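Just so you know, we're using this note's numbering here: the sequence shown kicks off at 1 and counts up by one.
Where a beta carbon is used, it is the ideal one built from N, C-alpha and C, also for glycine.
Nothing here was measured: the structure is a model prediction, and the numbers come from that model.
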Amino acid sequence: MKSQRVAVSKSESSWSNRVLFVAAMLLAASISGCSLSSWVPKTEGCKIRTFVDQDLLDYVSERYHSKQSVRYAIIPFDVPETFARAGDDSHHFGRTLARLFQEEFLRSGELGTIELFNRDRWPGKRDDFFTGNYQAMEYARNAGYDMVILGHMEDIRDPEEFSVYTKVIDLSNNITIWFAKTTVYSRERTVNRLLSTTRVIPRRPEMFYFDERSAELSRCTVFELLDGEMTPPS
Numbered sequence: 001m002k003s004q005r006v007a008v009s010k011s012e013s014s015w016s017n018r019v020l021f022v023a024a025m026l027l028a029a030s031i032s033g034c035s036l037s038s039w040v041p042k043t044e045g046c047k048i049r050t051f052v053d054q055d056l057l058d059y060v061s062e063r064y065h066s067k068q069s070v071r072y073a074i075i076p077f078d079v080p081e082t083f084a085r086a087g088d089d090s091h092h093f094g095r096t097l098a099r100l101f102q103e104e105f106l107r108s109g110e111l112g113t114i115e116l117f118n119r120d121r122w123p124g125k126r127d128d129f130f131t132g133n134y135q136a137m138e139y140a141r142n143a144g145y146d147m148v149i150l151g152h153m154e155d156i157r158d159p160e161e162f163s164v165y166t167k168v169i170d171l172s173n174n175i176t177i178w179f180a181k182t183t184v185y186s187r188e189r190t191v192n193r194l195l196s197t198t199r200v201i202p203r204r205p206e207m208f209y210f211d212e213r214s215a216e217l218s219r220c221t222v223f224e225l226l227d228g229e230m231t232p233p234s
């Protein structure tokens, strides 16, 4: 009976410590003039590593007549076969990523015709991204496009981030105009897990907020690709 009282006492002590920790966080946030909700987003963001950047807008203006509408094909992005969200699969998510990029390009109003390509898979597509993109270029060229936009999602190694490589290729000469790797990250899962142990939030979050992070990835990539010629991502 005595040991049971000790166990309860330790549990109460642990609970009190967690409550005190969260209270301290809230107090620190209020003193600094920030709310807890404004503190969490500081743990999110995106970073871009650019390998090739020939300045797409300048390249197009020098190569094409100002009244000529350049046609861009966005091929559904390649996603690891092992990746799957609830109610989704890798092919659907690859198309979702491509559509988000299409929406950002259209929102910028800087490019010509931008269309989501109607073919999303073929043998060897994943390897093709780093070995020349010959199949992708052939399909887009045969469909009458001037440029092709490609994406390749890396295998997920960190549960709090994911990375996508993107390319823009001129189909008339096979020149890569843009090639970069964008990584979006969020430590929200770690923060929410901590808060859930104190019952501040009712349950632990899912592995990663892919919808929000995917939108952020497309925004910051297109913003960087167009060299700031649009509203910066918030």
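Beta-carbon proximity of residue i to residue j, cut-off 8 Å
i	j	result
I149	Q54	no
N133	I169	yes
R126	D78	yes
L51	A136	For the sequence presented, residue 51 should be read as Phe rather than Leu. Not in contact: F51 and A136 (Cβ atoms no closer than 8 Å).
L57	L171	no
T182	C46	yes
Nearest-angstrom beta carbon gap, residue j and residue i [assumed within contact, 8 Å]
i	j	result
T96	S214	7 Å
Y165	F129	7 Å
Same chain, Cβ closer than 7 Å to residue i, neighbours up to 5 away in sequence not counted
i	result
Y64	V70
E104	S218, R219 and V222
K2	Low local confidence applies: a pLDDT of 41 at K2 is under 50, so the model's placement there is unreliable, with the coordinate-based value given in what follows. Within the same chain, K2 has no close Cβ partners at all.
Residues near residue i in its chain [Cβ-Cβ closer than 6 Å; skip 5 each side]
i	result
E212	none
T113	S69 and R71
D155	P80
I48	A180, T182 and E224
E44	S186
Reference residue i; option with closest CA among the options
i	options	result
E224	F101, P76 and F93	F101
H152	G94, V52, D58 and G45	G94
I75	E216, N173 and E115	E115
K67	N173, L111 and H92	L111
Backbone CA spacing between residue i and residue j [nearest angstrom]
i	j	result
Y139	G109	26 Å
V6	S163	Unreliable positioning characterises V6 in this predicted model, as indicated by a pLDDT of 37, which lies under 50. The coordinate reading is nonetheless provided below. Cα-Cα distance, rounded: 48 Å.
V60	D120	26 Å
R107	E161	26 Å
W122	D146	21 Å
S186	E216	11 Å
A73	E62	20 Å
N174	A98	21 Å
G144	V184	33 Å
Close Cβ partners of residue i (< 8 Å) along its chain, the five nearest in sequence each way excluded
i	result
G124	Q135
H92	none
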